[in-house]
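Reading through the structure tokens given below for one structure.
In the numbering used here, the protein residues as written are 6 to 287.
Structure (structure tokens):
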């Protein structure tokens with residue numbers, strides 16, 4: 006439940022985070038994101054790029070990203086044990102971690118350089134972590150820690166990872182023929198490096214699932230799993246990839262489906278685990 010005080014404090018946290026993010030990019034313009042030639046040679050540039058409003062659009066994009074971060078953090082932190090600021094920091098780091106894997110897909114799938122993507126990771130993960138911390142301080146509740154037993158947490162992590170990569174890969178292959186050249190955005194793995202990268206992203210998501218599992222809202226298991234898969238992860242993964250809407254025209258449908266099949270994979274893996282875990286949550 007949001008109070009006027011929560012909204013005001015969160016708005017201040019977001020403004021401070023965006024200001025720091027913007028100052029950093031102004032001081033180091035060479036660290037800005039540059040679209041790979043592999044994509045610019047194939048796709049029509051967006052209205053945003055052609056009318057030279059890329060930076061304002063980027064600001065709107067980042068603002069909405071932090072608003073989404075705040076909304077989902079507030080939804081899960083009500084029962085999540087720990088200090089508000091620490092919980093926000095963890096959530097911000099996890100959020101930034103998903104984006105980091107997203108940047109690495111640029112290197113693995115879209116012919117960017119590893120160096121440029123590592124720079125992108127550093128430039129974004131630090132502000133996201135700080136933003137999460139500030140949002141945690143703004144709206145986080147300090148909840149006493151409690152020791153909670155969980156049945157084979159490692160199995161949950163593995164099943165989420167397997168679910169993600171299997172559904173992501175199969176979904177991408179099934180949709181590839183529909184989207185033609187824009188199917189490149191579906192990130193269909195064909196090499197060992199690409200498979201390992203996507204599987205590791207799945208492990209990262211699975212790790213967050215076992216951390217948040219007991220503290221997710223809603224009582225029914227399937228609804229809780231859906232909230233994590235399509236809400237928390239789906240929002241983060243989809244919103245990262247929607248950045249390409251700023252750069253290119255005609256890519257929204259494929260990017261939305263990229264997010265959907267990834268979230269569906271996480272949902273499937275987590276749901277299989279819950280069937281094994283039985284009444285663990287009761």
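In this text, a Cβ means the ideal position worked out from N, Cα and C, and glycines have one as well. Note that the structure is predicted; figures quoted are calculated from it, not measured.
Item: Assumed close pair residue 276, residue 230 - CB separation to whole angstroms, cut-off 8 Å; Value: 5 Å
Item: Closest residue to residue 195 among 40, 171, 212 (Cα-Cα distance); Value: 171
Item: Per-residue burial, residue 42 [other beta carbons within 10 Å of its own, 16 or more giving buried]; Value: exposed
Item: Reduced DSSP secondary structure (H/G/I, E/B, other) of residue 130; Value: helix
Item: Which residues DSSP lists as bridging residue 253, in chain order; Value: 50
Item: Enclosing alpha helix (DSSP H) for residue 83 [first to last residue]; Value: Residue 83 -> no alpha helix (DSSP H), and no H or E assigned at all.
Item: Beta-bridge partners of residue 148, as assigned by DSSP; Value: 87
Item: Closest Cα partner of residue 267 within the set 248, 217, 191; Value: 191
Item: Coil, strand or helix - residue 15 by DSSP; Value: helix
Item: Given 8 Å, three or more beta-carbon pairs between the region 209-222 and the region 96-107; Value: yes
Item: Proximal residues to residue 181 (C-beta, below 8 Å), its chain only, five neighbours per side dropped; Value: 188, 191, 193
Item: Residue from 237, 227, 178 whose Cα sits closest to the Cα of residue 279; Value: 227
Item: Nearest residue (CA-CA) to residue 8, options 145, 60, 114; Value: 145
Item: Residue from 70, 274, 34, 270 with nearest C-alpha to residue 174; Value: 270
Item: Where the alpha helix (DSSP H) through residue 198 begins and ends; Value: 197-217
Item: Separation of residue 233 from residue 167, as counted between CA atoms; Value: 16 Å
Item: For residue 254 and residue 52, believed in contact at Cβ under 8 Å, the rounded distance; Value: 7 Å
Item: Anticipated Cβ contact below 8 Å, residue 73 with residue 240, distance rounded; Value: 5 Å
Item: Residue 82 classed as buried or exposed, judged by whether at least 16 other C-beta atoms fall within 10 angstroms; Value: buried
Item: Alpha carbon of residue 143 to alpha carbon of residue 19, nearest angstrom; Value: 10 Å
Item: 6 Å Cβ shell around residue 117 - same chain, five flanking residues per side excluded; Value: 41, 111
Item: Local conformation of residue 278 per DSSP, three classes; Value: helix
Item: Pair within 8 Å by beta-carbon distance, residue 28 and residue 139; Value: no
Item: Beta-carbon proximity of residue 47 to residue 113, cut-off 8 Å; Value: no
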